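Enquirer: Following this message is one structure expressed as structure tokens.
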Amino acid sequence: MTAMIASGHTAERWSISPLPLRSCSKVQCTMNGDYGHLLGAGIAGAAAAARAPVPRRGQNQDFDRYFDEYMGDEVPEGDIDEMRKAAWATWRTEAPSAASRPGGTNNEDDDLARALALSREELSRPSSTQPSLHDDDDQDLLRAIAMSEMEARAPKRQKRDETPEEERKMLEEVPGTVNSLLSDRAKMEEERIARQLARSGGQPAPAPVSVTTSAPTSAPAAAPAPFRASVPNSAFYANGSTSTSTANGRSGPWTSRAAIQHPYQARSTFPRDAAGEYYPDGELRHTALTIGEPTSEPTFSAAEIIGNRSQIALLILNSYVIDDNWLSTILPDPLSVPQIIIRPHPKAEPTWNGKVQAQPSGEVWCYPKMTGDFGSQHMKYIWIFYKTGRLRVIISTANFVSYDWELIENTVFVQDFLPLPSPQPIRTSHKQHDFPLQFTHLFKHLKVHKALDYLIKNHEKGPRIPLSASAEFGDMAKYNWSPVTVRLVMSIPGTYEGWEEMEKFGMCRVGQVIKEEEWRPAKGEKAVVEYQGSSLGQYGIDWFSHFHQLCSGKSPRELANQPKAKAWAPIKVIFPSLATVDASVMGRNGGSTMFVGKAWNSVMKAHFHDSNSKRGGVLLHAKLLVTTFEPQEQALGFASSNPTNGKRKAEEMEEDSKGVGGWVYVGSHNFSSAAWGTVNVKKSPPTLHVRNYELGILFPLPRAGANKMADLIVPYKRPARLYGANDVPWDQNLHAEQ
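Numbering of the sequence shown is given in UniProt numbering, commencing with residue 1 and proceeding in unit increments.
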């Protein structure tokens, strides 16, 4: 069955694809098995609980009281019997010993303790398919499970492509059944967070914005403020040491550095509407995990960032890897809510490259156009249009698979935009408007407007979709973009000729933004650059030099006048050592999404630093680029050659509380030429060649306390430890099968 959609003077064929639907147990995976053995090879099901069936209301008054407290004031949207089962499973289970975790678990709340106890109780019972386990340490337990069950059932891992700067070229379908342990824990965690939010609702929620989905309006918005090249210094510092209630229900100091506040983590109550809590100034958090040490920092779960599903009018989602089964548990039914899913085309279907397909599930899928045989559609973002009139934009380092949200470090940026009383034209002269303009270019390139056109004409809720099918995306003018304080950086595959085109993408875009914002080191300073990623490239001295110069404040055009590099630029490559992977909760099975490729050699060894999560034995999938401005003595290498003089100059820098002391990138880009592009300044005209689709944000660090601020922002321990003489990086090809 096919549908024809006219576009100008041409017509495109939209086919109803036989690809797996949300209801099918399939994962469309572009990593050639990297997630497959975790998603497809389900851990043997835990033994059935030994307790009696769930009592009906009135049969057990103690449990009824517990369940009522469990639900709080929450009005259940799902099956009440299933909720009672979840509560019954955790009722009166023994909490794990605090001594079994590094650092203890004194800050762990009762509900999370019950969840851990349940996992240990269920998985420690002998069964015909699972060996008996009697280890009270959750980390060792999970490692044992991962090593025995996942490895035994996983399909044999194929070798990674010989171009390590690429993510997987292949797109294959692997079984998508997530193991029962993770599903149970994820469900319990989601329910626990909902209960905590219900219990802690001290401030009354403001009334929902009364607007229609097709023409959003709201109370008059304030006049657009000038774009902040740097967040005001007062926003970074708190008046004294305070505590705050975190998203996971725990209270405690945000950090031992009480004087410094995270630039994108508010310390006050967030506004709410019918769709839930929202973040008008932007909120940056790491993912809520089910393993690792407790944290007092706020986190995001996948369900939290989606909000109230019943209030969604339109959803546009882009991800490199998608578990359709898992995604269906957090998204509304696509037959009820129009949804556009942007994902890589299957390798086995090359004719789908760059096409748009309507699915029987009700979704429309866009396959980004790939040029050549190499490269990846690696972006991770969501646009959610709520019935309240609010627009939410999510930019993430996590794919939409449970593994990325529960078992490995990732970072998520969320910002909500309210509708204006009347549309205001999007202008290139307004720096805040660069945000919607970047997405307008991207959406047009991905043919999102064609997907919208199909949904508007064919979906049951099509007439109520709040975004028109115009290729110019004029409805961007409906929203108030004045709160934007981050800059977008994207990569789109292609070869770009001439400075003006080059400056729009990849590493050249970074250099151009830094030039525009003047986020440059002062006289007598150098940029210290560190990169945390999960996949590395094959580096050359010129590429390293170009990348460092652009991070240091050189514009792309200035590269043409620079002498040829004679030494490797001092960039710290943060990547887990083999010892770190072996000591992690998941062990070597947890390292399946990390690739060192050909980055490791005798020259690069001096650049490698170990990647260690602040939450203990958790590996990192987050991609962050941190640049700080330091005295030249400290920036020439990874250690100061004159500590006394360097310290004096550093203290002088701290006294200067104005301006910018560095900047941070968070997004999908790994540290590779495929992601960031390769510059050729010798050609006429000069060129930038990019292979991947990537997306992320840039934002500044304050002049005073830039390093301390960076410590708060990143999920890994800083300063990262330089590899020792006996250290080697985790190499999946060498170590996974050993």
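Beta carbons are placed, not taken as given, at the ideal position from N, Cα and C, and that holds for glycine.
Since we're looking at a predicted model, the values are computed, not measured.
Tell me whether the stretch 453-468 and the stretch 479-495 touch, counting them as touching only if at least three CB pairs, one residue from each stretch, are closer than 8 Å.
Expert: Short answer: they don't touch.
Enquirer: Quick one: Cα of Arg487 to Cα of Val513, how far?
Expert: The straight-line gap from Cα to Cα measures roughly 7 Å.
Enquirer: Out of curiosity, what's the CA-to-CA distance linking Glu277 and Phe505?
Expert: Computed Cα separation, rounded: 33 Å.
Enquirer: Going by alpha carbons, who is nearest to Asn325 out of Glu518, Phe439, Phe400?
Expert: The residue with the shortest Cα to Cα distance from Asn325 is Phe400.
Enquirer: By Cβ distance, which residues of its chain are closer than 7 Å to Ser396, with the 5 residues on each side in sequence left out?
Expert: Excluding residues within five positions, the ones whose Cβ falls inside 7 Å are Lys380, Tyr381, Asn410, Val412.
Enquirer: Check for me: the alpha helix (DSSP H) holding Gly494 runs from which residue to which?
Expert: No alpha helix (DSSP H) holds Gly494; the beta strand (DSSP E) holding it covers 494-497.
Enquirer: Suppose the cutoff is 6 Å on Cβ atoms and the five residues either side in sequence are ignored; what does the same chain contact list for Gly533 look like?
Expert: Result list for Gly533: Lys623, Asn670, Phe671, in chain order.
Enquirer: Per DSSP, what kind of secondary structure is Arg427 in: helix, strand or coil?
Expert: Coil at Arg427, not helix or strand.
Enquirer: Spatial neighbours of Ala469 within its chain, please: CB distance less than 7 Å, with the 5 preceding and 5 following residues excluded, ordered by chain position.
Expert: So the list reads His449, Leu452, Asp453, Ile456, once near-sequence residues are dropped.
Enquirer: Return the chain-ordered list of same chain residues with a C-beta closer than 6 Å to the C-beta of Leu327, the five sequence neighbours on each side being excluded.
Expert: The residues are Phe400.
Enquirer: Who are the near neighbours of Val626 in its chain, counting only those whose CB is closer than 6 Å to its CB and skipping five residues on each side?
Expert: Closer than 6 Å at Cβ, skipping near neighbours: Glu530, Val664, Ala710.
Enquirer: Please report how far the alpha carbon of Ser268 lies from the alpha carbon of Leu688, in whole angstroms.
Expert: Rounded to whole angstroms, Ser268 to Leu688 spans 44 Å at the Cα level.
Enquirer: So Gly667 packs on Ile697, CB below 8 Å; how close in whole Å?
Expert: The pair is a contact, with the Cβ atoms about 6 Å apart (cut-off 8 Å).
Enquirer: Taking Trp676 and Ser491 to be in contact with their CB atoms under 8 Å, please state how far apart those CB atoms are, rounded to whole angstroms.
Expert: Yes, they are in contact, since the Cβ atoms of Trp676 and Ser491 sit about 7 Å apart, within 8 Å.
Enquirer: Are the CB atoms of His609 and Arg721 within a distance shorter than 8 Å?
Expert: In contact: Arg721 and His609 (Cβ atoms closer than 8 Å).
Enquirer: In the DSSP assignment, find the beta strand (DSSP E) that holds Trp365 and state where it starts and stops.
Expert: That run of the beta strand (DSSP E) goes 364-366.
Enquirer: Below 8 Å between beta carbons: does that hold for Val679 and Leu559?
Expert: Yes, Cβ-Cβ distance for Val679 and Leu559 is below 8 Å.
Enquirer: Would you call the stretch 599-613 and the stretch 722-731 touching, i.e. three or more CB-CB distances under 8 Å?
Expert: Short answer: they touch.
Enquirer: Report yes if the CB atom of Asp434 is closer than 8 Å to the CB atom of Tyr279, and no otherwise.
Expert: No.
Enquirer: Assuming contact is defined by CB atoms lying nearer than 8 Å, are His345 and Tyr367 in contact in what I supplied?
Expert: Yes, Cβ-Cβ distance for His345 and Tyr367 is below 8 Å.
Enquirer: Taking 7 Å as the line, does the beta carbon of Ile330 fall inside it for any heavy atom of the ligand SAH?
Expert: With respect to the ligand SAH, the structure shown offers nothing to examine, as it has no ligands at all.
Enquirer: Using three-state DSSP, classify Val510 as helix, strand or coil.
Expert: Three-state result, Val510: helix.
Enquirer: Going by DSSP, name the residue or residues bridged to Trp730.
Expert: According to DSSP, which records beta bridges pairwise, Trp730 is partnered with nothing at all.
Enquirer: Within this structure, are the beta carbons of Arg285 and Phe270 separated by less than 8 Å?
Expert: The answer is no: Cβ separation not under 8 Å.
Enquirer: Just mark residue 745 as buried or exposed, buried being the case when its beta carbon has 16 or more other beta carbons within 10 Å.
Expert: With the chain covering only 1 through 738, there is no way to say anything about residue 745.
Enquirer: Compare the Cα-Cα distances from Thr290 to each of Asp582, Asp404, His441 and report the closest residue.
Expert: With distances taken between Cα atoms, Thr290 lies closest to Asp404.
Enquirer: First and last residue of the beta strand (DSSP E) that includes Asn680?
Expert: Start and end: 678-680.
Enquirer: Please determine, among Phe575, Glu304, Ala565, Trp519, the residue with the shortest C-alpha to C-alpha distance to Cys551.
Expert: Cys551 has its Cα closest to that of Trp519, out of Phe575, Glu304, Ala565, Trp519.
Enquirer: How do the stretch 300-312 and the stretch 381-392 stand: do at least 3 beta-carbon pairs fall below 8 Å, yes or no?
Expert: Segments in contact, yes.
Enquirer: If you draw a straight line from the C-alpha of Leu391 to the C-alpha of Pro419, how long is it?
Expert: For Leu391 and Pro419, the distance between alpha carbons rounds to 8 Å.
Enquirer: Among the candidates Ile340, His445, Val393, whose CA atom is the shortest distance from the CA of His459?
Expert: Looking at the Cα atoms, Ile340 is the closest of the given residues.
Enquirer: Can you grab the Cα-Cα spacing for the pair Pro436 / His445, in whole Å?
Expert: Distance between the alpha carbons of Pro436 and His445 is about 14 Å.
Enquirer: Suppose you measure from the CA of Trp499 to the CA of Gln549; what does that come to, to the nearest Å?
Expert: For Trp499 and Gln549, the distance between alpha carbons rounds to 16 Å.
Enquirer: Using beta-carbon positions only, say whether Met502 and Phe547 come within less than 8 Å of one another.
Expert: Contact: no.
Enquirer: With C-beta atoms as the reference, is Phe629 less than 8 Å away from Glu525?
Expert: Cβ atoms of Phe629 and Glu525: closer than 8 Å.
Enquirer: Which residue from Glu497, Leu619, Ala266, Lys572 puts its Cα closest to that of Trp600?
Expert: It is Lys572.
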